[in-house]
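The structure under discussion appears below in the form of structure tokens.
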């Protein structure tokens, strides 16, 4: 390759534009989706409207995509087997939930949604999401630093244990403070010494509902925020994958000894990958906690949910972002489709109701995919790098050349 | 006396009760090409692992130039200018050929995570520079046409060459080659010998080479160190080594005494 001149393609304004453009496009798309959702809700009779139920699935897809794409940074890029992603999700969800719940109680004396889109409440919400992500990232650092020296099964067990610890600690938290007086009375965190010699912790910081779950979080999450952050996660992880830094991450998965010998600081990069995944996992958890119709509770944040995300990554292909997104879409829709099979043409009526067996079918499909494509649907490639896409591109290029 | 590129003094390591290497001394002068030979199991690869930081020596010191490197992690040693290839090829099989080299070239990269995500101008320029350098290296090894191929799809000989290209991408002063001619036919070995000579001149390298092919070693090395059971049994120029009785003994065994 010859010396690259600083042409128009690499001039400063163009670089700025190319840097910002994907975020803008993502924002506009997310906003369009949000407006379409609003319009659909008020025009349910129209042929162009989608049922509200579909929007619920759509927002679940967005959150699952955030979780799968971020877990992919650890399990896919660096090849470390983490089974505790839901632990970070729970931390992010509870931290941001507590911030918006008690924050709006202190600021506006009620937990109702404050303001429209981009109103005061949304700023509190965004700040809370960021804090949730950061606390989760910090947890990722603390857990990752000692445990990433372990490999394979051992790391899986440690991360699994971490997820369970988070879940069990959450069941021990105090009941929610329902009124502003209670909140101001308890304060942030207080320790009281009882007469019988025992200690009791209180304060709104740890009053997140215990085993019953955290009820009453203001429901700020909507399609706009979900998809904005989903696009942000995808752009972040895609740019990481394309960069030399991301390739160094993958080299750890490929051959750790060789990576180390080529000057890749493997432990540092593994921890970095863990922290990145934990941050976005925390943000995803924050979105989840603020969703309408969701009660974030410890039993929901169990290890099976972590397994779900691992399945999405493995099914989509270790290291493939589009694969993780596709798997998130497929595995979110599939259980819904299997509720009722009447949408399949020519299927005998007797087979329509398979709702009792849907988890079996779901597992069978997974087993079949794993037998036929053990590297996952995409392998490490993206959807535009697989053979049909390459073939199409080559054909288009040929057409361009011939007059 | 000229500058010393790599120096080991009294290096020892034992695994359990086995002393794999003991009291190893080595001086690599800057710009020299030394061979390290010995029968199977003599501790040659263990020695490479000691020098590159995979193992930490239980005794002795290792200096790279003026810096002491024993006890450092492998990536720290690589950053200070020591690179290696592996006896059993260890590429990054799922990565493309060019990515294999680019990962090694990022050793001296300056930008971190944030410019990577924001894709700043500095990031783009550095990324382009790394890619350009990787392509240059590939063309030296005649691999430029395969840049987009996954490394695992390359034939064996190409994989060997790619490993050397990758090691050179870390910008080393000292290069350790672990049996670079393994599995090559005589024709390829000749090509390898001239390639090593060329690289040494072009990149101003100091090379330490493990090799079983005596012809190759005697041809290109100026100094040879012979290792047996973890101990240096001889060292000197090829002519001297060829006639050393202890070396012949290590390789061929003691001559049978006359038996009745």
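Residue numbers (the working numbering), protein chains in the order written: chain A, 41 to 443; chain B, 2 to 261. The beta carbon of each residue, even a glycine, is placed where N, CA and C say it ideally should be. Please read all numbers here as calculations on a predicted model, not as lab measurements.
The shortest CA-to-CA distance from residue 88(B) to any of 129(B), 250(B), 12(B) and 44(B) is the one to 44(B). Here DSSP, grouped into helix, strand and coil, assigns residue 30(B) to strand. DSSP places residue 295(A) in no alpha helix (DSSP H); its state is neither H nor E. As computed with DSSP, residue 85(B) is found in a beta bridge with 177(B). Residue 423(A) has a beta carbon lying at 9 Å or more from every beta carbon in chain B. Residue 115(B): member of the alpha helix (DSSP H) spanning 114–119, first to last residue. Taking the Cα of residue 82(B) as reference, the smallest distance to any Cα among 27(B), 176(B) and 153(B) is reached at 176(B).
Restricting attention to 218(B), 232(B) and 4(B), the CA atom closest to the CA of residue 239(B) is found in 218(B).
Residue 228(B): member of the beta strand (DSSP E) spanning 224–229, first to last residue. A distance below 7 Å between beta-carbons, with the five flanking residues on each side excluded, links residue 184(B) to the following residues of its chain, in chain order: 157. When DSSP states are grouped into helix, strand and coil, residue 232(A) belongs to the strand group. Residue 99(B) holds the alpha-carbon nearest to the alpha-carbon of residue 142(B) among 154(B), 130(B) and 99(B). Taking C-beta atoms as the reference points, residue 336(A) and residue 133(A) count as a pair closer than 9 Å. The Cβ atoms of residue 111(A) and residue 352(A) sit closer than 9 Å to each other.
With respect to the 9 Å criterion, residue 187(A) and residue 198(A) are classified as neighbours on the basis of their beta carbons. Only residues of its own chain outside the window of five on either side were considered, and among them 380, 381 and 382 have a CB closer than 7 Å to the CB of residue 392(A), listed in chain order. If you compare the alpha carbons of 260(A), 125(A), 81(A) and 384(A) with that of residue 180(A), the shortest gap goes to 125(A).
Cβ atoms of residue 152(B) and residue 92(B) come within 8 Å of each other, at about 4 Å. Taking a contact to require three or more Cβ pairs closer than 8 Å, the segment 101–121 of chain B and the segment 37–52 of chain B do not qualify as touching. For the C-beta of residue 72(B), not a single chain A residue is nearer than 8 Å; the gap to the nearest is close to 15 Å. The Cβ atoms of residue 172(A) and residue 325(A) sit closer than 9 Å to each other. Taking a beta-carbon distance threshold of 9 Å, residue 76(B) counts as an interface residue toward chain A. Interface flag for residue 105(B) against chain A is set, since a Cβ pair is found closer than 9 Å.
The contact set of residue 110(B) on chain A, defined by CB atoms closer than 7 Å, consists of 284 in chain order.
By the neighbour-count criterion, in which 16 or more other beta carbons inside 10 Å mark a residue as buried, residue 397(A) falls on the exposed side. Separation of residue 401(A) and residue 134(B) (C-alpha to C-alpha, rounded to the nearest whole angstrom) is 51 Å. Residue environment: residue 246(B) is assigned as exposed (fewer than 16 neighbouring CB atoms within 10 Å of its CB, all protein chains considered). Scanning 146(B), 207(B) and 228(B) for the CA closest to the CA of residue 30(B) turns up 207(B). Put simply, the CB of residue 16(B) is far from chain A, with every gap to its CB atoms at 9 Å or more. Inside the segment 5–71 of chain B, DSSP marks whole alpha helix (DSSP H) runs of 4 or more residues at positions 45–52, from first to last along the chain. Chain B has a Cβ within less than 9 Å of the Cβ of residue 52(A). Chain B has a Cβ within less than 9 Å of the Cβ of residue 305(A). Contact with chain A is found for residue 121(B), since one of that chain's Cβ atoms lies less than 9 Å from the residue's Cβ. As computed with DSSP, residue 232(B) is found in a beta bridge with 229(B). Residues of chain A with a Cβ closer than 7 Å to the Cβ of residue 171(B) are, in chain order, 302 and 303.
Counting C-beta pairs with one atom in each stretch, the segment 367–381 of chain A and the segment 93–102 of chain A have three or more that are closer than 8 Å, which means they touch.
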